[in-house]
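41 is the number of the first residue of the sequence shown in our numbering; add one for each residue after it.
Ideal Cβ placement from N, Cα and C applies to all residues, glycine included.
Worksheet: the structure to be examined is printed underneath.
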Amino acid sequence: MSTKTKAEELLEIAEKQAGTEAMQMLTDKHLDNVMALREQISIEDIDLVSSSISNNKRIDLAVKERIVSLHSKMAALVQEVANRIETEKYLTAEQAIEGMRLSMVQREKVSALVAADKQLHVSCQSLKVAVEVFCDLNKQIVSRLESDRSIDAGEERKLLLGNALLVFELTDFSIRFIESFKLQGVQEIESIHRDMQKTISALREEQTALRKQAEGTDIDAFLRDQVKKDIQLREDSIVIIDKEWESYMMTVRSMEGEIGSVSKKLPSLKLIRDNAKAQINTLAAVAVIQIVQSNIRAIEGAVLQLEQLQLASLSADRVKRLLGI
41 MSTKTKAEEL LEIAEKQAGT EAMQMLTDKH LDNVMALREQ ISIEDIDLVS SSISNNKRID
101 LAVKERIVSL HSKMAALVQE VANRIETEKY LTAEQAIEGM RLSMVQREKV SALVAADKQL
161 HVSCQSLKVA VEVFCDLNKQ IVSRLESDRS IDAGEERKLL LGNALLVFEL TDFSIRFIES
221 FKLQGVQEIE SIHRDMQKTI SALREEQTAL RKQAEGTDID AFLRDQVKKD IQLREDSIVI
281 IDKEWESYMM TVRSMEGEIG SVSKKLPSLK LIRDNAKAQI NTLAAVAVIQ IVQSNIRAIE
341 GAVLQLEQLQ LASLSADRVK RLLGI
């Protein structure tokens, strides 16, 4: 796929910044709800994590719903940011395709390929957004801890508890998101590719049969030469389509490989999450900062690898080359 344009890069940055701000507002509100609950009922700090609250029968259902819905709201926000980024990128191609003079069959094939490619990109973008927002929020937690050292001991413990809870929730969300993540659109693209391979194979068989027919002794030399030239032009076109698909599928495979690298971070993330939970009852500023910094180190390598993915939209010209239109 082609590399991203400057406009696409700026759009992506702006949307991710907005996503990080929205996620911070969401987690801050969650923390307010948890801290309020801590003052209203007798509950151990270790049981303030959302996974524990969901099993607590003493908590009012409305309060419980607000707290345990954190992860689903975070996932919805990640998906929304990814959708906004990729939908904007595809506008130009979709408008260009809309203006093409195509048969109904051609339009159906074009629509199916563009939809699958877009689904693939939204899916991959959602993982990028999730891990990048994760890192950004963890860095903000470090900054907050380091800048609030002058408050009294009681307020400091409350701040440390709040941030330790956020560290746990952010890490737990990232683990669940990565574990359940499946790159969407690949099966649809592979299906279109298989159909095109069958079409290409049939075209080649047709050209072979036509060339054999042209070699007949009763065919005029002039007609034979003309048909052979026509066959060669068509075969050249078939080669172009075949190579375009080879290049396109290599890009899809590389995206699958890069995304697989994120899953390798799961053992480290799980250790950090469990360590953060264990730390909630024995809070210390240095210990919490170290946990958060471990969070960032554990996943930044994966972020860098994901950043190498060129998530540029499928252009109208490439669609035509892939489908031989």
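query	result
Closest by C-alpha distance to G364, when choosing among S308, K317, I232 and D314	I232
CB-CB length for M295 against L223, believed under 8 Å	7 Å
Cβ-based neighbour list, A62, same chain, cut-off 7 Å, excluding 5 preceding and 5 following	L117
V359 vs L153 beta-carbon contact at 8 Å	yes
Length at least 4, wholly inside the segment 90-118: the alpha helix (DSSP H) runs in chain order	90-93 and 101-108
Span separating the alpha-carbon of D68 from that of I312	21 Å
Residue interval of the alpha helix (DSSP H) (run including T257)	Premise fails: T257 is in no alpha helix (DSSP H) and is neither H nor E.
Beta carbon of L309 nearer than 8 Å to that of I215	yes
8 Å contact criterion, which R361 and I278 should meet: CB distance rounded	12 Å between Cβ atoms; not a contact.
Straight-line Cα distance separating S241 from A254	20 Å
When K129, E120 and R98 are compared against E49, the one with the closest alpha-carbon	K129
Assigned secondary structure, F221 (DSSP; H/G/I helix, E/B strand, else coil)	coil
Residues near V121 by beta carbon distance below 6 Å, same chain, minus five either side	E55, G59 and V169
Local conformation of G202 per DSSP, three classes	helix
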